[in-house]
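Mapping of the sequence shown onto mature numbering (1 follows the signal peptide of the UniProt record, and there is no 0): residues -26 to -1, 1 to 336, in sequence order. A short worksheet on the structure shown next.
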Amino acid sequence: MGRRNKRLQVLLCVAIIVCILQIVNSKWNIFNIGKHLFQSRTTKAELKSLTDLAKDNKAPYQGEAPSPKSSNHPDLRIIVVVYNRPQSLERLLNSLNEAHYFKHNVELEVWIDRSKKDGSIHNATYYAARKFNFLHGKYKVCNHTKHVGIYGQWIDTWNPAPDSREIAVILEDDLTVSKHFYLWLINVHRKYDDRTDLAGYALQGRSMKHGGAAGNLRGPDKDVCFMYPILGTWGYSPHLKNWLRFVEWYKNVSKDASFQPLVPGILPSQWWQVFQKQGKTNGMWSMWHIYHAWNNKLWTLYPNLEDSRGLTISWKEAGLHYKKGDTSADPILQEWKPVYEDLPREPARVDVNGKVLRFKIQ
Ligand SMILES: *[C@@H]1O[C@H](CO)[C@@H](O)[C@H](O)[C@H]1NC(C)=O
Ligand SMILES: *[C@@H]1O[C@H](CO)[C@@H](O)[C@H](O)[C@H]1NC(C)=O
Ligand SMILES: *[C@@H]1O[C@H](CO)[C@@H](O)[C@H](O)[C@H]1NC(C)=O
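In structure tokens, the structure reads:
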């Protein structure tokens, strides 16, 4: 009897270990759990018809000459992207001046896009950038050499040396940062950069659930962070190696005009198709990132602080992403607590409908 029990226990242990390997190591991920997480809403047949529908449209952006490979290695590189919103830019830059950097080596770059129509730089935006005085390190205002759109703003502005350990954060102009955003980034990069399954680190405290379920995205209450399959674009700090892979992949795959970055079971794929009918996919660079993350089983780490406070907040101003300004800003993190440094060794995973997936051995 005792012997049989032991055998059962061993069997159980093996089964549990196999289950865990599904999650932690993609080589052992024989059942492809990451992919199934997405398949809740859209069936394969639906996806195929979506892909057929999309075939006639061209990839909107092929990749421009990137910014030159950085030769310097700051601790933090802040990349602000802007086109024609000088007041938003000033608000963001002022919040960057108020943040804590612990005398680290910090560089701030403002990238100004050119008009698609006549290639001009928005004068008031340029002057707002020019007159700003950054108190914590080097500051640079860069005019793009031609119109690059939101694709070029995201994909071509960060070009670190591959052996660099710099932390970068890309910020669109209609954000405000918390004073503590850099402390958060230092901690999460230090804790998780060795992982191979992370696409990057989101800074926002609130997000929708991209599978279509209602309510704000949350991780388990006791945890200060969690992993989610889709990036957050309200302040994003990429994982260096996986970002370089993403950019390389994008530049190659976007040459193929018939390729569509559609992922089953998520709303962004539906938006992409609507945009496509309107000829407007040039506003949705993030779909490529979502696809790449899905295809390579990469996750984004999100903060999960009290009241869903963010290390950034978005003012959701009228522009490329929003029609009308929505002035009800989300709460920003004001006060740092030591518990925010208590990062779990294995963060919980949350699927695109906000379901917490816990795999725990008791
Ligand atoms: C950037 O654009 C502004 C506004 O057109 C112009 O005044 C400035 O000289 C440009 N800077 C560079 C380095 O091209
Ligand atoms: C650009 O803006 C600055 C500051 O507002 C102003 O002094 C300058 O005359 C403007 N230049 C043009 C070409 O509009
Ligand atoms: C580039 O893309 C093509 C087709 O999309 C693919 O067959 C090829 O393997 C890719 N090359 C690299 C280096 O990723």
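Just so you know, even glycine gets a beta-carbon here, dropped at the ideal spot from N, CA and C. All values reported here derive from a predicted model rather than from experimental measurement.
Would you say residue i and residue j are within 9 Å of each other, going by their C-beta atoms?
i	j	result
residue 220	residue 187	no
residue 152	residue 307	yes
residue 280	residue 161	no
residue 205	residue 263	yes
residue 214	residue 140	yes
residue 276	residue 182	no
residue 239	residue 324	no
residue 50	residue 143	yes
residue 171	residue 63	no
residue 79	residue 111	yes
residue 224	residue 176	no
residue 102	residue 45	no
residue 138	residue 47	yes
residue 218	residue 150	no
By Cβ distance, which residues of its chain are closer than 6 Å to residue i, with the 5 residues on each side in sequence left out?
i	result
residue 180	190, 282, 304
residue 57	87
residue 207	260
residue 328	183, 187, 191
residue 8	Bear in mind that a pLDDT of 42 at residue 8, under 50, signals an unreliable position, so the model cannot answer this.
Please list, in chain order, all residues of the same chain as residue i whose beta carbon is under 8 Å from its beta carbon, the five residues on each side excluded.
i	result
residue 117	86, 88, 95, 100
residue 6	Reliability of the predicted coordinates at residue 6 is poor, the pLDDT of 40 falling under 50, and the value obtained from them is presented with this limitation in mind. Correct list: empty, nothing qualifies.
residue 53	83, 85, 131, 132, 142, 143, 144, 145
residue 222	none
residue 26	Unreliable positioning characterises residue 26 in this predicted model, as indicated by a pLDDT of 41, which lies under 50. The coordinate reading is nonetheless provided below. So no residue of the chain qualifies.
residue -18	none
Taking DSSP's pairing of strands, which residues face residue i in a bridge?
i	result
residue 71	In DSSP, residue 71 forms no bridge with anything.
residue 141	50
residue 146	55
residue 114	83
residue 201	275, 323
residue 286	151, 178
residue 212	174
residue 330	324
residue 65	DSSP lists no partner for residue 65.
residue 95	88
residue 306	284
Run the proximity test for residue i: is its beta-carbon closer than 8 Å to any non-hydrogen atom belonging to ligand 1?
i	result
residue 100	yes
residue 117	yes
residue 94	yes
residue 86	yes
Give the C-beta separation of residue i and residue j to the nearest angstrom, bearing in mind that I take them to be a contact with Cβ-Cβ under 8 Å.
i	j	result
residue 55	residue 131	7 Å
residue 259	residue 128	5 Å
residue 322	residue 193	5 Å
residue 155	residue 331	Not really, about 27 Å apart at Cβ, beyond 8 Å.
residue 71	residue 109	5 Å
residue 273	residue 203	6 Å
Using only the heavy atoms of ligand 2, determine whether one of them is closer than 8 Å to the beta carbon of residue i.
i	result
residue 97	yes
Using a Cβ-Cβ cut-off of 7 Å (strictly less than) and excluding sequence neighbours within five positions of residue i, which residues of its own chain qualify?
i	result
residue 104	115
residue 237	12, 243, 264, 265, 268
residue 166	172, 275
residue -3	Confidence in residue -3 is poor, its pLDDT being 42 and thus under 50, which makes the residue's placement too unreliable to answer from.
residue 43	133, 135
residue 119	none
Flag residue i as yes when its Cβ comes closer than 8 Å to any non-hydrogen atom of ligand 3, and as no otherwise.
i	result
residue 217	no
residue 227	yes
residue 83	no
residue 171	no
residue 140	no
residue 230	yes
residue 223	yes
residue 233	yes
For a cutoff of 9 Å on Cβ pairs, would you count residue i as touching chain C?
i	result
residue 207	Protein chain content of the structure displayed is limited to a single chain, and chain C is not contained in it.
For ligand 4, is there any heavy atom lying closer than 8 Å to the beta carbon of residue i?
i	result
residue 134	No copy of ligand 4 appears in this structure; the ligands present are ligand 1, ligand 2 and ligand 3.
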